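Chains as they are written, first to last, in the UniProt record's numbering: chain A, 1 to 322; chain B, 1 to 120.
Note that the Cβ used here is the ideal one computed from N, Cα and C, for glycine as well.
Computed from a predicted model, the values in this text were never measured in an experiment.
1. Report the option in 75(A), 286(A), 318(A) whose CA atom is closest to the CA atom of residue 306(A).
2. So, residue 66(A) versus residue 23(A), is the Cβ gap smaller than 8 Å?
3. Under three-state DSSP, which class holds residue 57(B)?
4. Among 179(A), 316(A), 104(A), 89(A), which one has its Cα closest to the Cα of residue 199(A)?
5. Flag this pair as touching only if the stretch 41-52 of chain B and the stretch 208-219 of chain A have three or more C-beta atom pairs under 8 Å; answer yes or no.
6. For residue 21(A) and residue 268(A), what's the separation of their Cα atoms in angstroms?
7. In this structure, how does DSSP classify residue 287(A) when only helix, strand and coil are distinguished?
8. Do residue 278(A) and residue 244(A) come within 8 Å of each other at the CB atom, strictly closer than that value?
9. Check this for me: beta carbons of residue 326(A) and residue 106(A), under 8 Å apart or not?
10. Given that residue 91(B) touches chain A, what residues does it touch there, using C-beta distances under 7 Å?
11. Throw me the rounded Cβ distance for the residue 83(B) and residue 81(A) pair, which I believe falls under 8 Å.
12. Leaving out five residues on either side along the sequence, give the residues of the same chain with a beta carbon under 6 Å from the beta carbon of residue 164(A).
13. Can you tell me where the alpha helix (DSSP H) with residue 70(B) in it begins and where it stops?
14. So residue 124(A) and residue 154(A) are supposed to be a Cβ contact under 8 Å. How far apart are they, rounded?
15. Would you check if there are 3 or more beta carbon pairs closer than 8 Å linking the stretch 61-75 of chain B to the stretch 289-302 of chain A?
16. Which residues of chain B have a Cβ atom closer than 8 Å to the Cβ of residue 235(A), listed in chain order?
17. Just the chain A side, please: which residues come within less than 8 Å of residue 70(B) by C-beta, in chain order?
18. Out of 77(B), 37(B), 53(B), 54(B), which one is the CA nearest neighbour of residue 14(B)?
19. Cβ atoms of residue 170(A) and residue 205(A): under 8 Å apart, would you say?
20. Going by the CB atoms, is the gap between residue 9(B) and residue 47(B) shorter than 8 Å?
21. Taking residue 51(B) as the reference, give the member of 80(B), 93(B), 4(B) with the closest Cα.
22. Could you give the residue range of the alpha helix (DSSP H) that holds residue 84(A)?
23. Could you check the C-alpha separation between residue 276(A) and residue 62(B) for me, to the nearest Å?
Structure (structure tokens):
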């Protein structure tokens with residue numbers, strides 16, 4: 001069981017604990033994969049999923065600093081798909097970036113990418129690596145402009161739109177980030193996590209603006225969080241955001257009523273009754289989720305941050321209403 | 001449920017077989033027709049009861065199930081991870097800091113996790 005199904009943790013590989021466990025088993029998995037090569041021909045070889053596992057293993061090994069196993073992974077992928085394959089060149093570039101010792105070596109990586117792109121300007125994995133490297137070298141403006149160029153050529157790449165949103169957001173350009181996520185949602189309209197992210201960006205944007213803007217941003221944010229929960233009944237982030245956004249809008253409406261009389265809130269379809277209902281609904285759901293996750297400790301072992309934050313919010317709400 | 005449904009299905013099959021073993025040539029006697037029909041109902045009931053748990057056909061239920069399982073099967077997770085844009089050096093540093101024990105990561109020792117550690 002332990003050695004045969006890396007998939008469960010593979011899928012959870014973004015967190016450190018899982019990456020560590022997977023990387024620890026790297027030699028074993030690689031040996032098992034290696035044993036299969038001799039008696040299978042190149043094309044009819046392994047399952048396609050096996051290469052997905054190797055790719056994930058490469059990420060985990062690189063993250064945990066096991067460069068030797070990582071090199072083996074890239075070699076195995078190159079042996080199957082050829083050294084000139086676009087994806088393989090991208091992963092190879094990733095390996096070189098990871099093992100580069102200093103900034104000049106990284107600059108050399110960048111030049112190498114430029115050279116590859118002059119030969120093949122539509123090598124998407126390398127284009128993306130180039131953006132990531134620019135970002136890593138603290139050149140966000142260059143990263144943004146080259147990502148925009150990429151999106152001009154391939155406007156249907158949701159991953160690139162999300163990265164651009166993240167880049168903009170890291171530069172404090174929230175409205176651009178929101179626009180990018182909206183573009184991503186045109187491609188993947190059912191992605192409940194992206195709806196919630198957009199809600200979060202609008203919410204934080206509302207926090208830093210005031211007056212009319214803040215009202216409309218908060219309303220947009222509530223809409224996004226609601227859609228996210230509509231698409232996924234158990235999405236903790238969506239419920240968490242919905243509570244925060246409804247509470248803030250209610251507070252702002254309350255303040256607004258005192259200062260200027262009837263203005264923005266009279267036009268708003270979100271009356272204070274609806275906001276209350278939404279808050280109560282989200283609170284109840286969040287309570288249920290927290291309870292079930294606490295009892296189901298094993299699955300959530302590597303991902304306690306969200307749970308702790310949710311508990312904290314619920315505790316705060318409990319203490320404020322008492 | 002598993003054993004019961006199998007037993008019902010098996011019993012129904014036995015009845016069906018029994019109904020067929022009676023050597024009759026012209027008109028079927030009443031009891032054999034009843035036996036055959038009863039066996040049909042029993043076999044169907046047994047198979048339906050023993051079927052696997054149905055999978056959700058509503059999107060939100062399906063997605064909710066994925067989240068309850070830890071989000072590993074979420075097809076949109078790649079949009080959060082974005083491995084093509086992975087900042088490998090930052091990730092390595094994060095990992096190295098964690099392994100040296102400088103940044104406590106929530107979940108490693110659930111009892112001693114402090115609230116401040118959970119906030120990124």
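On the basis of the data shown:
1. The residue you call residue 306(A) lines up with position 306 of the first chain. Ranking the options by Cα distance to residue 306(A), first place goes to 286(A).
2. Reading the first chain from its first residue, position 66 is the one you call residue 66(A). Reading the first chain from its first residue, position 23 is the one you call residue 23(A). In this structure, residue 23(A) lies closer than 8 Å to residue 66(A) by Cβ.
3. Mapped onto the second chain, residue 57(B) falls at position 57. Looking at residue 57(B) - three-state DSSP - the assignment turns out to be coil, as it is neither helix nor strand.
4. Against the first chain, residue 199(A) aligns to sequence position 199. Considering only alpha carbons, the answer is 179(A).
5. no
6. Locating residue 21(A) in the first chain gives position 21, counting from the first residue. Locating residue 268(A) in the first chain gives position 268, counting from the first residue. Spanning the two alpha carbons is a distance of roughly 51 Å.
7. Stepping through the first chain from its first residue, residue 287(A) is reached at position 287. If DSSP states are grouped into helix, strand and coil, residue 287(A) belongs with the helices.
8. In the first chain, the residue the question calls residue 244(A) occupies position 244. In the first chain, the residue the question calls residue 278(A) occupies position 278. No; because the gap between Cβ atoms is not below 8 Å, this pair is not in contact.
9. Because chain A spans 1 through 322 in this model, residue 326(A) falls outside it and cannot be assessed.
10. By 1-based counting over the second chain, the position of residue 91(B) is 91. Those are 63, listed as they occur along chain A.
11. As a working note, residue 83(B) is residue 83 in the second chain. As a working note, residue 81(A) is residue 81 in the first chain. That pair is no contact at about 17 Å.
12. On the first chain, residue 164(A) is found 164 positions in, with the first residue counted as 1. Excluding sequence neighbours, residue 164(A) sits near 147, 180.
13. Stepping through the second chain from its first residue, residue 70(B) is reached at position 70. Looking at the DSSP string, residue 70(B) is not in any alpha helix (DSSP H), and its letter there is neither H nor E.
14. Here residue 124(A) is taken as the residue at index 124 of the first chain, counted from 1. Here residue 154(A) is taken as the residue at index 154 of the first chain, counted from 1. So it is a contact: roughly 7 Å between Cβ atoms.
15. yes
16. Numbered from 1 along the first chain, position 235 holds the residue referred to as residue 235(A). 63, 64, 67, listed in chain order.
17. Here the question's residue 70(B) lines up with position 70 in the second chain. Simply 12, 299, 300, 303.
18. By 1-based counting over the second chain, the position of residue 14(B) is 14. Ranking the options by Cα distance to residue 14(B), first place goes to 37(B).
19. The count along the first chain starts at 1 and reaches residue 205(A) at position 205. The count along the first chain starts at 1 and reaches residue 170(A) at position 170. No. Outside cutoff.
20. For this step, residue 47(B) is matched to residue 47 along the second chain. For this step, residue 9(B) is matched to residue 9 along the second chain. Yes, Cβ-Cβ distance for residue 47(B) and residue 9(B) is below 8 Å.
21. Working through the second chain from its first residue, we reach residue 51(B) at position 51. Of 80(B), 93(B), 4(B), the residue nearest in Cα terms is 4(B).
22. For the purposes of this step, residue 84(A) is taken as the residue at position 84 of the first chain. Neither: residue 84(A) is in no alpha helix (DSSP H) and is coded neither H nor E.
23. As a working mapping, residue 276(A) is identified with position 276 in the first chain. As a working mapping, residue 62(B) is identified with position 62 in the second chain. C-alpha separation (whole angstroms): 28 Å.
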